[in-house]
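Q: Take a look at the following structure, please.
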Amino acid sequence: MQNPTSIDAVQRILAEQDYVCGRALGTVTYLALTLGRPLFLEGEAGTGKTEIAKALAQALGRRLIRLQCYEGLDAASAVYEWNFTGQMIAIRAAEASGGVDRGHLKDELFTQEFLIERPLLQAMRPQSGGAPVLLIDEIDRTDEPFEAFLLEALSDFQVTIPELGTIHAPEPPIVILTSNRTREVHDALKRRCLYHWVDYPTFEREIEILQARAPEAAEVLSREIVAFVQRLRTEDLFKKPGVAETIDWAKCLLALDVISLSPEVIADTLGAILKYQDDIAKLQGSEAKRLLDEVRAGLEPA
Numbered sequence: 001m002q003n004p005t006s007i008d009a010v011q012r013i014l015a016e017q018d019y020v021c022g023r024a025l026g027t028v029t030y031l032a033l034t035l036g037r038p039l040f041l042e043g044e045a046g047t048g049k050t051e052i053a054k055a056l057a058q059a060l061g062r063r064l065i066r067l068q069c070y071e072g073l074d075a076a077s078a079v080y081e082w083n084f085t086g087q088m089i090a091i092r093a094a095e096a097s098g099g100v101d102r103g104h105l106k107d108e109l110f111t112q113e114f115l116i117e118r119p120l121l122q123a124m125r126p127q128s129g130g131a132p133v134l135l136i137d138e139i140d141r142t143d144e145p146f147e148a149f150l151l152e153a154l155s156d157f158q159v160t161i162p163e164l165g166t167i168h169a170p171e172p173p174i175v176i177l178t179s180n181r182t183r184e185v186h187d188a189l190k191r192r193c194l195y196h197w198v199d200y201p202t203f204e205r206e207i208e209i210l211q212a213r214a215p216e217a218a219e220v221l222s223r224e225i226v227a228f229v230q231r232l233r234t235e236d237l238f239k240k241p242g243v244a245e246t247i248d249w250a251k252c253l254l255a256l257d258v259i260s261l262s263p264e265v266i267a268d269t270l271g272a273i274l275k276y277q278d279d280i281a282k283l284q285g286s287e288a289k290r291l292l293d294e295v296r297a298g299l300e301p302a
């Protein structure tokens, strides 16, 4: 599928993948696709940054290549590795056959046959369905040397392998970087991207998202779920629940045949929305009932 030709088209194709996209996010996504610029998405965990890459790949019929970042990630792990086991077997076989030409053998060992391609190199290769979607997820977990390495890859869409030379992408991949802002990413990397802050959705938007992802939930239950989660986000919590937790909680409640929230149900299923014991402990006893009463009072028609 060709890239969408308007902002409305971006929102439409993402909606077909059950991804509810606001106008601002739709605009920056359209510009990234049209201009061939990487898209840098920053925001709290669970707000849908990773999901947009998945939805975009599905909508466009492109391959999704994901580079999951972590502390200590280096260029070798992100680009390529040599199959040392295969190379050793080839050396042993050559020695067993006798008459080893070491210069010729060295040339044979560092070829495509023994090259293990990692995400960045895979993204530079031509794909049958068109340029892939390259998701560089949680870039804030890496360190500055890796960011510096990415500058070449994202500026010129090429990577260099000393034994083989420079490999340039015939068609630049669609690049989406995400960050949970556990640290600031260097300005030099951000300058090469279009930027968008992915915030928690409004009440109406989150209802729309929940209806798309958990359509079996009745309207009354959906409104209670979203209102309660949004109320939780105003509390002093170590980790505020994201949209992903809202969806997970709704699916848990549906699996339990819950038709309306109660303090008991909330207490039994808190592990779906809160992931730290200290946060869960704050909602024990009468606290869950107090918050639920506030939520219901706010949902009552004026």
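The opening residue of the sequence shown carries number 1 in full-length UniProt numbering; numbering runs sequentially from there.
Note that the Cβ used here is the ideal one computed from N, Cα and C, for glycine as well.
(1) With 16 other CB atoms within 10 Å as the buried threshold, where does Leu256 fall?
(2) Run through DSSP, which three-state label would Asp248 get?
(3) Along the chain, where does the beta strand (DSSP E) containing Gln158 start, and where does it finish?
(4) Which stretch, first to last residue, makes up the alpha helix (DSSP H) that contains Asp137?
(5) What first and last residue would you give for the beta strand (DSSP E) that runs through Gln68?
(6) Roughly how many angstroms lie between the CA atoms of Ala58 and Gln17, to the nearest whole one?
(7) So, using beta-carbon positions, are Ile266 and Leu237 closer together than 8 Å?
(8) Under 7 Å Cβ to Cβ from Arg181, same chain only, skipping five residues before and after it: list those, please.
(9) Using CA atoms only, rank isn't needed, just tell me which of Val220, Phe84 and Ile7 is closest to Phe110.
(10) Cutting at 7 Å between CB atoms, please list the residues of its own chain near Glu51, excluding the five before and the five after it.
(11) Taking 8 Å as the threshold (beta carbon to beta carbon), is Leu253 in contact with chain B?
(12) Ignore the nearest five residues each way along the sequence and tell me which others in Leu120's own chain have a CB closer than 7 Å to its CB.
(13) Is Ala302 buried or exposed, if buried means 16 or more other CB atoms sit within 10 Å of its CB?
(14) Curious, which full-length beta strand (DSSP E) runs of at least 3 residues does the stretch 24-73 contain?
(15) Under the three-state reduction of DSSP, which class applies to Glu16: helix, strand or coil?
(16) Indicate whether the contact test is met: 3 or more Cβ pairs, each with one atom in the stretch 29-41 and one in the stretch 3-15, closer than 8 Å.
(17) On the criterion of 16 or more Cβ atoms from any shown chain inside 10 Å, does Asp230 qualify as buried, or is it exposed?
(18) Roughly how many whole angstroms lie between the Cα atoms of Arg205 and Val226?
(19) Rounded to whole angstroms, what's the CA-CA distance from Lys54 to His186? Just pull it up for me.
(20) May I have the straight-line CA-CA distance separating Leu254 from Asp279, to the nearest angstrom?
(21) Take Ile209 and list the residues in its own chain whose beta-carbon comes closer than 7 Å to its own, dropping the five residues that flank it on each side.
(22) Based on the DSSP output, what are the partners of Leu194 in its beta bridges?
(23) Please list the terminal residues of the continuous beta strand (DSSP E) segment that includes Thr166.
(24) Taking only three categories from DSSP, how would you classify Glu224?
(25) In whole angstroms, what is the alpha-carbon distance linking Glu117 and Lys289?
(26) Note down the Cα distance separating Gly271 from Cys252, rounded to an integer number of angstroms.
(27) Since Val175 is in the alpha helix (DSSP H), which residue starts that stretch and which ends it?
(28) Taking Lys275 as the reference, which of Arg92, Glu144 and Gly46 has the closest Cα?
(29) When you compare only the Cα positions, how much space is there between Ala96 and Leu164?
(30) What is the rounded straight-line gap between the Cα of Pro126 and the Cα of Leu189?
(31) Between Leu299 and Arg223, which are expected to be in contact by the criterion C-beta below 8 Å, what is the C-beta distance as a whole number of angstroms?
A: So, from the data block:
(1) Along the sequence shown, read from residue 1 onward, the residue named residue 256 stands at position 256. Leu256 comes out exposed.
(2) Counting from 1 along the sequence shown, the entry for residue 248 is found at position 248. Residue state, collapsed to three classes: helix.
(3) Stepping through the sequence shown from its first residue, residue 158 is reached at position 158. Taken as a continuous stretch (DSSP letters only), the beta strand (DSSP E) holding Gln158 covers Gln158 to Ile161.
(4) The count along the sequence shown starts at 1 and reaches residue 137 at position 137. Counting along the chain, Asp137 falls outside any alpha helix (DSSP H), though it belongs to the beta strand (DSSP E) covering Val133 to Asp137.
(5) If you number the sequence shown from 1, residue 68 lands on position 68. Counted as a single uninterrupted DSSP element, the beta strand (DSSP E) harbouring Gln68 occupies residues Leu64 to Gln68.
(6) Position 58 of the sequence shown, counted from the start, is the residue given in the question as residue 58. Position 17 of the sequence shown, counted from the start, is the residue given in the question as residue 17. It is Gln, not Ala, that sits at residue 58 in the sequence shown. Roughly 7 Å between the two C-alpha positions.
(7) Numbered from 1 along the sequence shown, position 266 holds the residue referred to as residue 266. Numbered from 1 along the sequence shown, position 237 holds the residue referred to as residue 237. Not in contact: Ile266 and Leu237 (Cβ atoms no closer than 8 Å).
(8) If you number the sequence shown from 1, residue 181 lands on position 181. Correct list, in chain order: Glu42 and Asp140.
(9) Numbered from its first residue, the sequence shown carries residue 110 at position 110. Sorting Val220, Phe84 and Ile7 by C-alpha distance to the C-alpha of Phe110 places Phe84 at the top.
(10) Against the sequence shown, residue 51 aligns to sequence position 51. For Glu51, where only same-chain residues beyond five positions count, the Cβ hits under 7 Å are Tyr19.
(11) Looking for chain B here will not work: only one protein chain is present.
(12) Along the sequence shown, read from residue 1 onward, the residue named residue 120 stands at position 120. Residues Leu67, Ala78, Val79, Ala153 and Val159 of the same chain have their beta carbon placed closer than 7 Å to that of Leu120, with the five preceding and five following residues left out of the count.
(13) Numbered from its first residue, the sequence shown carries residue 302 at position 302. For Ala302, the predicted structure reports a pLDDT of 43, less than 50, and the residue's modelled location is therefore unreliable. A value from the coordinates is still provided. Label assigned to Ala302: exposed.
(14) 39-43 and 64-68, all fully within the stretch 24-73.
(15) Residue 16 sits at position 16 when you count from the first residue of the sequence shown. In the three-state scheme derived from DSSP, where H, G and I count as helix and E and B as strand, Glu16 is classed as coil.
(16) Yes, they touch.
(17) Reading the sequence shown from its first residue, position 230 is the one you call residue 230. Asp is not the amino acid found at residue 230; the sequence shown has Gln there. In the assembly as shown, Gln230 is a buried residue. Its beta-carbon has 16 or more other beta-carbons within 10 Å.
(18) Start at 1 with the first residue of the sequence shown, and residue 205 comes out as number 205. Start at 1 with the first residue of the sequence shown, and residue 226 comes out as number 226. Cα to Cα, Arg205 sits roughly 10 Å from Val226.
(19) Taking the sequence shown and counting its residues from 1, one reaches residue 54 at position 54. Taking the sequence shown and counting its residues from 1, one reaches residue 186 at position 186. Going from the Cα of Lys54 to the Cα of His186 covers about 25 Å.
(20) On the sequence shown, residue 254 is found 254 positions in, with the first residue counted as 1. On the sequence shown, residue 279 is found 279 positions in, with the first residue counted as 1. If you draw a straight line from the Cα of Leu254 to the Cα of Asp279, it is about 23 Å long.
(21) Taking the first residue of the sequence shown as 1, we reach residue 209 at position 209. For Ile209, same chain residues with a beta-carbon under 7 Å away, outside a window of 5 residues either side, are Val20, Pro201 and Val243 in chain order.
(22) Counted from its first residue, the sequence shown places residue 194 at position 194. Partner(s): Leu39.
(23) Reading the sequence shown from its first residue, position 166 is the one you call residue 166. Gly165 to His168 is the extent of the beta strand (DSSP E) around Thr166.
(24) Locating residue 224 in the sequence shown gives position 224, counting from the first residue. Three-state result, Glu224: helix.
(25) Residue mapping note: residue 117 aligns to position 117 of the sequence shown, counting from 1. Residue mapping note: residue 289 aligns to position 289 of the sequence shown, counting from 1. Looking at the two C-alpha atoms, the distance is approximately 54 Å.
(26) Here residue 271 refers to the residue found at position 271 of the sequence shown. Here residue 252 refers to the residue found at position 252 of the sequence shown. The C-alpha of Gly271 lies about 10 Å from the C-alpha of Cys252.
(27) The count along the sequence shown starts at 1 and reaches residue 175 at position 175. Careful: Val175 lies outside any alpha helix (DSSP H), inside the beta strand (DSSP E) at Ile174 to Ser179.
(28) Here the question's residue 275 lines up with position 275 in the sequence shown. Residue Gly46 is the option with its Cα nearest to Lys275.
(29) Counted from its first residue, the sequence shown places residue 96 at position 96. Counted from its first residue, the sequence shown places residue 164 at position 164. Computed Cα separation, rounded: 27 Å.
(30) On the sequence shown, residue 126 is found 126 positions in, with the first residue counted as 1. On the sequence shown, residue 189 is found 189 positions in, with the first residue counted as 1. The straight-line gap from Cα to Cα measures roughly 25 Å.
(31) In the sequence shown, the residue the question calls residue 299 occupies position 299. In the sequence shown, the residue the question calls residue 223 occupies position 223. With a Cβ gap of about 6 Å, Leu299 and Arg223 count as contacting.
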